[in-house]
Each structure stands twice: as C-alpha cells, then as structure tokens.
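Going down the list, the protein sequences come from chains A and B. Positions in the first sequence are counted from 1; adding 10 to them yields the numbering used here. Positions in the second sequence are counted from 1; adding 10 to them yields the numbering used here. Here's the structure we're looking at; comments come further down.
2 protein chains.
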Amino acid sequence: MNVELTSIPHGGITAAAGFKASGIHAGFRRNPNKLDMALLVADEPCVAAGVFTQNVFCAAPVQLCQDRLNGVGYGTARAVVANSGNANAATGTVGLDVAYKSAELVAAEVGCAADEVLVASTGVIGVPLPMDPFKHIAEALAQADASTQAGHDAAIAIMTTDTHPKECAYSWTSADPAFEGLRFTVGGCCKGSGMIMPNMATLISLLTTDFPITGPAAYAALKEAADESFNKVTVDSDTSTNDTCILLASGAAAPQSYVSDGIAYEEFRAALMAVCTELARKIAIDGEGAAHLITVNLRGAATDADADLAARAIANSPLVKTAIAGHDANWGRIAAAAGKSGAAFEQEKVDIDIMGMPVLRKGLPVEFSEEEALRRFEEPEIVLDVNLGAGECATRIWTCDFTHEYIRINGDYRT
Amino acid sequence: MNVELTSIPHGGITAAAGFKASGIHAGFRRNPNKLDMALLVADEPCVAAGVFTQNVFCAAPVQLCQDRLNGVGYGTARAVVANSGNANAATGTVGLDVAYKSAELVAAEVGCAADEVLVASTGVIGVPLPMDPFKHIAEALAQADASTQAGHDAAIAIMTTDTHPKECAYSWTSADPAFEGLRFTVGGCCKGSGMIMPNMATLISLLTTDFPITGPAAYAALKEAADESFNKVTVDSDTSTNDTCILLASGAAAPQSYVSDGIAYEEFRAALMAVCTELARKIAIDGEGAAHLITVNLRGAATDADADLAARAIANSPLVKTAIAGHDANWGRIAAAAGKSGAAFEQEKVDIDIMGMPVLRKGLPVEFSEEEALRRFEEPEIVLDVNLGAGECATRIWTCDFTHEYIRINGDYRT
C-alpha cells in the first residue's frame with residue numbers, strides 16, 4: 011500500500027485522538043522513583059484487539075485478556091492497566107482472582123463495565139501479585155491526560171530491564187474518497203529486551219489508533235503486523251509467558267461507521283505495520299547486553315516455513331551472535347546454522363553477504379577484505395543477507411549480538 | 011541388558027584387539043608441537059559402521075564416508091585417517107578430490123583397497139585442505155601400534171578447542187553359551203566442545219571393538235547408541251557440518267562367525283551404549299567455557315518427540331544456561347523454556363526439581379532454601395528434573411552452562 015506516513019516526534023499511545031494515559035509509582039516495586047503502573051483510558055468504549063504469548067505457562071493477565079476478547083482476539087475495551095515488577099505468572103487461581111479484581115477496581119474508577127478493562131503484567135514470576143498498589147488507580151486516572159508526556163510516563167512505567175522507553179507514532183491523510191482529507195494516527199509503546207519474565211523483560215505492546223475499524227479487521231491487521239514485527243524478533247529464542255500486544259481503536263478521527271476493507275483499511279494496515287516494525291526494531295537493539303542490531307534477510311527459500319526456520323536458526327545461533335559481537339565476519343557459522351535448520355536447500359546454491367560484502371557464492375567462499383569488514387562492523391545495525399537458492403520465499407528477522415554484558419545481566423545478577 | 015562392564019583404565023581406540031593407532035604432527039597446523047593427524051589401522055579388514063551430520067553443508071570427508079559405507083551406514087574398512095586444523099568443508103569438488111586422494115595415499119601405505127579407507131576432518135572451513143601433510147602417512151603408519159599411548163596420541167591429534175583428550179573403553183565376559191567365557195572390548199575416543207567447525211570443534215568419534223558383529227547389526231547398534239548419547243548433547247544448539255562417528259569391528263576376540271542378535275549382541279549393545287554415553291558426557295562437560303555439566307531429565311511427556319522438544323528447549327535456553335552459570339535456581343526460566351517448546355502439557359501438572367530440590371509442584375512454586383541451592387551449585391554436574399505430567403515418555407539431554415568464557419572464546423577470538 012502506498013501511503014505517505016508522517017512520523018510524529020516523541021509520539022506514543024496518546025498521539026491518536028480519544029486516548030489518555032498516565033504512569034505512576036503504585037508500589038509494585040520498592041524504588042519510589044520507579045514508575046510501575048501504566049494506565050491507558052479511552053474517552054469512549056473502543057474496538058479492542060489483542061495477540062498473546064503461545065507459551066503453555068501463560069500468565070493470569072494473559073488469560074484474562076483472552077477471555078475478555080472472547081477467545082477470538084477482539085472485542086470492546088475502555089481501559090488497559092499494566093504493571094511492571096511482578097508478572098502474576100505461575101500464581102494459579104489466586105493470581106487469576108487478583109487480575110480480575112484489579113480490572114474491577116479500574117472499571118469502578120473509570121466508570122465502565124469490568125469486562126471493558128484489559129490488564130497486563132511483567133516482572134518476576136511465581137510471586138503473588140499484591141492488590142494493594144491498585145488502590146492508586148484513582149491517582150493514575152487523575153493524572154491521565156492526552157499529552158505526549160503522559161504517554162511517555164506510561165511507556166516508562168512498563169519498563170523492566172529496558173534501558174529506555176520505546177514509543178512511536180505515525181499519521182497520514184487518507185486518499186480514500188469515503189474519508190476525503192481526514193487525518194488518522196496510529197501510535198504505540200512497548201517494553202522488552204526480548205528476555206522472558208524471570209528476567210523481568212516480557213514483551214508488552216500497547217497500540218492506539220483513532221481510525222474507525224471493525225473488531226475482526228482490527229484483529230486481522232494486528233495479527234498480520236505482529237507476525238511480521240514482534241514475532242520476527244528473537245533475542246535469545248526464549249518466549250515469555252506474558253507477551254501481550256493490545257490495540258485500541260477509538261474511531262475518534264472519523265464520524266464514519268467502522269470499516270473492514272477498502273483503501274482506508276489498506277492505509278491503516280500500512281501504518282500499523284510501520285508502528286509495529288519500528289517498535290520491534292527498538293526491542294531488538296535494546297536486547298540485553300546488545301551492541302549491534304542484527305537484521306537477517308533470508309531469501310530463496312522453498313516455502314515460507316523454510317524461510318522462517320533458516321532465518322531463526324541463524325538469528326538464534328549463539329555462534330553467529332558471538333561472532334558479530336567480536337566483529338568477526340564468520341560466514342561459516344551463518345552457513346552452518348542455515349544448514350542445520352531443517353530448511354530444504356543445496357549448499358552449492360547458497361549465497362551469503364555480510365554488511366553488503368559477498369562472502370559466499372554458490373556455497374564457496376569469496377575473498378573479502380578483513381579491514382573493510384571490521385570497518386563495517388562499526389555500524390550499529392549488522393545486515394546479513396542469505397539466499398538459499400531453493401525458491402521464491404523470503405523473510406526478515408531481527409536479533410542482537412551476544413556480549414559479555416548479556417552473561418553478566420543473566421548469569422551474575424543473583425551472585 | 012544386564013552385563014557386567016569393566017572400565018579399562020586409560021583405555022581408548024586401541025583397547026580392543028586387532029587395532030593400531032597413532033597421532034603425529036603432519037603440518038595441518040602451524041604449531042609443530044600440536045599433533046594434527048590421527049591414524050587408526052586394523053590388522054584385517056573390519057566391519058565398519060558410521061553415522062554423520064544431517065547438516066546440508068556437510069563436508070567432503072562426510073560425503074566420502076557416506077559413499078564408502080554405501081549410503082546405508084555400513085560396509086568394510088581397514089583404516090581411518092583424521093586431521094584437525096582444517097575441516098575440508100565448503101571446499102566444493104576440489105575438497106572432494108583431496109579427500110579421495112588422501113584415502114588413496116593411506117591405502118597405498120597400508121596395503122589395502124582405497125575404498126577400505128575412511129577419512130574425517132575438523133577445523134576451519136572454506137579453506138582448501140592441503141595434500142602436503144598427507145605425505146607423512148608412512149610416518150604415522152610406522153608409529154602406529156596397539157599401545158594405550160598410541161591410542162592416546164590419536165585422541166590428542168583430533169582435538170581442536172577441547173581442553174583435554176576424551177577416551178574410554180569397557181570390556182566384559184560374555185554369558186552367551188555361543189561365546190562361553192570369551193572376553194570382548196569396546197573402546198573409543200572423541201573430540202568436540204559441541205561447537206561447530208568455524209570454531210574448530212566438530213564432533214568426531216572413533217570407536218573400535220573386537221566383538222564379531224555383522225554390518226547391519228553394527229549400524230543398528232551404533233545408530234541407537236549415537237541417538238541416545240552424542241545426539242543428546244547440545245552445547246549451543248548448533249550442529250556441525252563435519253560430525254562423524256565411526257565404529258570398526260575386528261571380531262579379533264572371537265573365532266566365531268559374525269552375529270547380529272542373541273545374548274552376545276545384547277551385551278555388545280550395552281557396552282557400546284556405555285562407551286558412547288561416557289564420551290558424550292565428556293563432550294558436554296568440556297563445552298567451551300563450561301563450568302557445569304547440566305543433565306536435563308525430562309519425564310511425563312505425551313510422546314518421545316515432545317520429551318525431546320521440551321528437554322532441548324530447556325538445554326538450549328541461554329537464560330537457563332546463564333542462570334546456572336550464575337548459581338541461580340531460576341525455575342521460572344526452565345518452566346518458560348518447556349512452555350515455549352511446542353510440547354503438549356498443562357502448566358497445572360508440571361513438577362520441577364533442581365539438584366534434587368523441589369522448586370515447582372503442579373505449576374506452583376515451592377519454598378526452598380537459597381543457601382542450600384547455592385551449596386548444591388558447587389557440584390560439577392547440575393541435574394534438572396522436569397515432569398510435564400502429560401504422559402509416560404522421557405528423555406535425557408546433556409548440556410553445559412553459558413559463561414563469560416564462552417563469549418570470550420567465541421566472540422573475542424578474532425579481535
């Protein structure tokens with residue numbers, strides 16, 4: 011879809027019309043200076059869509075959201091409350107009770123039905139989520155407004171091991187005759203260093219738009235965007251028990267009835283994809299201990315499944331990730347990772363480029379300048395292009411390198 | 011099979027009757043003090059069986075062996091020559107030529123047919139394997155003998171990033187009437203830190219026995235033993251392009267015709283499994299940078315495939331491996347790794363024990379002493395017991411922890 015998207019400076023979940031947000035310290039964390047509760051409230055009930063972790067050990071808040079979205083991924087919602095510091099995972103029925111009770115508290119303050127409130131949690135698991143901090147809901151609601159700063163506070167409140175908040179927003183003027191000249195916005199924030207919640211770094215993404223879209227179409231667009239963005243990020247091949255991606259659509263920017271197709275819908279899909287892609291890249295580059303963002307462009311696969319298998323095998327290979335951390339143009343590790351992925355191809359047809367430098371052609375090494383390679387490794391983003399020469403399917407996966415810092419954060423933090 | 015196996019002190023590939031070995035510096039490596047060529051020669055043509063890497067980027071020596079073993083995994087062989095320092099991988103038809111020519115040189119010196127010689131290589135890839143060092147074959151053959159030291163030299167010659175040679179041998183007295191009182195031996199050596207060959211650490215395992223066994227039975231026993239030992243080791247989830255496991259059976263300890271079943275065969279299977287298991291554990295504990303051997307015992311899976319999926323997800327999880335490096339009894343990471351593995355189970359039925367300490371029961375955390383946990387982490391082997399509560403299938407996987415040393419070896423070695 012060819013739509014001209016305008017990036018909104020410092021834009022986030024409050025960029026779209028019809029939303030207020032806030033971030034406060036409610037007491038989920040000891041440090042009184044650490045914001046730990048984010049509230050997103052819409053002026054009116056919104057179309058809501060969500061995609062969640064596939065992990066069998068899915069947490070209580072995820073179970074609540076799936077229930078509220080009728081098990082089909084879409085429904086109606088007015089508010090989302092998210093806390094950091096405690097994932098409310100592996101907490102059994104007690105944890106489920108807390109999730110539902112906290113939603114009731116939010117509903118009472120906001121003045122909506124309890125089933126119009128969604129919840130998200132991230133932090134340590136196996137520890138009961140305290141109800142006490144939720145008594146600050148009124149305070150969070152009082153502070154909620156539509157300012158950029160308010161959205162920024164919410165983005166900060168859901169951070170765990172993230173080194174900085176992750177936000178972005180894009181707007182566009184519709185070329186659809188039915189929406190002549192109307193301007194729409196999609197914005198969002200997310201947190202996550204790609205690590206799973208025992209390390210307090212689940213992926214949580216809150217997205218908002220003032221585009222008028224139906225539930226099924228919102229879910230379809232969100233599923234598609236998440237699959238091509240958040241689901242293409244892998245820092246350590248581990249999947250969280252709390253991963254949550256929620257989209258609220260207020261329709262506030264258009265009087266028209268909600269749509270599910272047509273030019274305007276295609277424009278919205280493109281905008282949502284742009285927001286999710288930018289947020290996903292921000293997650294990969296902020297991967298714990300990461301020094302480089304690694305983009306794996308996999309082409310020439312026989313099937314989409316093979317493309318994903320090979321690209322993930324490369325992106326998850328500790329050998330590839332440590333080589334890049336060491337500024338080592340080690341194409342052998344990339345070739346071997348693809349070779350063990352299970353994807354079907356012949357080594358005699360494989361081409362590999364590292365940072366635009368051909369290093370393997372038809373399965374045989376190509377001479378390249380080590381000096382030039384070292385120069386290119388100074389770039390913050392390392393692009394690996396792999397062509398399996400087995401078909402027409404392609405995909406793109408983002409990851410980050412493996413550094414001493416990764417081991418320090420994940421290995422030493424208890425000692 | 012209940013057979014009493016006796017471990018042979020310092021035993022290796024020369025422990026069984028009918029074999030000579032040697033290890034010399036032939037010039038594949040610059041350091042003149044580093045043995046880099048191993049030769050294994052049988053007094054007579056032997057039954058030979060082999061299992062190899064499934065990696066699409068399989069190396070020239072692997073292709074030669076698969077050819078010599080008639081594509082079915084067994085045949086006849088008299089000698090095996092293995093070099094370290096160069097993997098002869100991603101070298102195209104030129105590399106295949108070198109592999110076949112080197113086999114011809116060995117055959118000429120030994121006095122056997124070229125198709126009775128198997129080859130194995132490990133080291134850097136994408137670099138042509140030089141023929142020159144093979145002119146030292148005569149020297150290697152002259153030094154070859156049946157002594158323990160000779161087998162030890164061969165074990166050293168195939169080492170790459172290994173910190174020490176890996177050998178073992180077991181013997182037993184047959185209880186089979188057909189082999190009344192006869193004593194047999196299975197021995198072997200292997201190399202590998204679990205890393206793939208760009209890091210010069212392919213798995214190569216050479217096994218010998220004087221038990222009289224047919225080709226098909228030898229292959230069946232070797233495949234079974236490798237699947238339950240070497241194929242259950244994962245250091246970093248990366249599979250080499252050169253993995254090679256070869257068994258030579260001389261039958262020298264028995265005049266009888268070769269067998270393929272019966273009590274004696276069951277005894278042999280048990281002995282081969284014992285040798286492969288001990289060698290596999292030696293590989294895991296020698297994983298690069300490893301401070302702990304990690305044994306993952308997975309029970310209660312619905313299928314064998316699910317058991318393997320869940321156990322591998324846990325063993326390959328960088329979060330689990332870094333937690334153990336940090337002496338952190340982080341059951342949440344183990345649970346989440348199992349949860350994302352794709353294995354079918356319900357979190358409410360999962361039990362997890364770390365070093366014999368219950369940490370999760372029916373999906374809920376169990377109080378445990380951090381002090382006691384830290385004490386148990388002083389052990390060199392960390393045992394994780396996971397029961398999915400979904401069925402009767404089980405498996406066991408060995409791996410090692412992720413340490414700063416791992417990053418140093420794999421990330422810094424070029425810088």
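For every residue, glycine included, the Cβ atom is placed at its ideal position computed from N, Cα and C.
Taking a 10 Å sphere around the C-beta of A:T173, we find fewer than 16 other C-beta atoms and assign the residue as exposed. If you draw a 10 Å sphere on the C-beta of B:S379, you find fewer than 16 other C-beta atoms in it, and that means exposed. Here A:A320 is near A:A311, since their CB atoms are less than 8 Å apart.
DSSP, reduced to helix, strand and coil, places A:M47 within a strand of the structure shown.
Restricting attention to B:G352, B:G299, B:T24, the CA atom closest to the CA of A:H414 is found in B:G299.
With respect to chain B, the C-beta atom of A:S250 has a partner C-beta closer than 8 Å. Of the candidates B:I135, B:L79, B:L128, B:I135 places its Cα closest to the Cα of A:N340.
For A:T287, the secondary structure class from DSSP, reduced to helix, strand or coil, is helix.
DSSP places B:N326 in the uninterrupted alpha helix (DSSP H) bounded by 314-326. Not a single CB atom of chain A sits nearer than 8 Å to the CB of B:K242. By the rule that beta-carbons nearer than 8 Å mark a contact, A:G373 touches chain B.
If only complete runs of 4 or more residues are kept, the region 147-222 of chain A shows the alpha helix (DSSP H) at 147-153, 158-167, in order along the chain. Pairing A:A354 with A:D316 gives a Cβ-Cβ distance under 8 Å. Residue pairing from DSSP leaves A:G28 without any beta-bridge partner. Any Cβ of chain A closer than 8 Å to the Cβ of B:T173 would place that residue at the interface, and such an atom is absent. Of the candidates B:R386, B:R371, B:E54, B:R386 places its Cα closest to the Cα of B:A335. In this structure, DSSP gives A:C68 a state outside helix and strand, which the three-state scheme calls coil.
Note that the C-beta distance between B:I256 and B:G60 is below 8 Å. Scanning the region 85-130 of chain B from its first residue to its last, the whole alpha helix (DSSP H) runs of 4-plus residues come out as 102-120. In the three-state reduction of the DSSP assignment, B:P55 falls in the strand class. If you look at B:I344, you'll find it in the alpha helix (DSSP H) that goes 341-349. If you check the CB distance, B:V243 and B:A290 come in under 8 Å. If the five residues before and after A:C410 are omitted, its C-beta is found closer than 7 Å to the C-beta atoms of V245, A294, I295, G297, A300, H302, L303, I304, all from its own chain and listed in chain order. Linking B:Q266 to B:F29 through their CA atoms gives a straight-line distance of about 19 Å. The beta carbon of A:C286 sits closer than 7 Å to those of A235, A236, S239, F240, all from its chain and outside the five residues before and after it, given in chain order. Under a criterion of Cβ atoms nearer than 7 Å, the residues of chain A adjacent to B:A345 are, in order, F67, A100. By the neighbour-count definition (other C-beta atoms within 10 Å, threshold 16), A:G261 is a buried residue. Residues of the region 64-92 of chain A whose Cβ lies closer than 9 Å to any Cβ of chain B, in chain order: Q64, N65, V66, F67, C68.
Looking from the CA of B:L106, the closest CA among B:C75, B:N326, B:L282 belongs to B:C75.
A residue is called buried when at least 16 other Cβ atoms come within 10 angstroms of its Cβ; B:P187 does not meet this threshold and is exposed.
Taking a contact as a CB-CB distance under 8 Å, the pair B:I18 and B:T195 counts as one, their CB atoms being some 7 Å apart. Proximity of the region 323-337 of chain B to the region 42-59 of chain A falls short of the contact definition, fewer than three beta-carbon pairs being nearer than 8 Å. Rounded to whole angstroms, the gap between the alpha carbons of B:L151 and B:E119 is 8 Å. A:D318 is positioned such that its CB atom lies no closer than 8 Å to that of A:F62. For A:T132, the number of other beta carbons within 10 angstroms of its own is at least 16, and it is reported as buried.
Separation of A:A259 and A:V116 (C-alpha to C-alpha, rounded to the nearest whole angstrom) is 19 Å.
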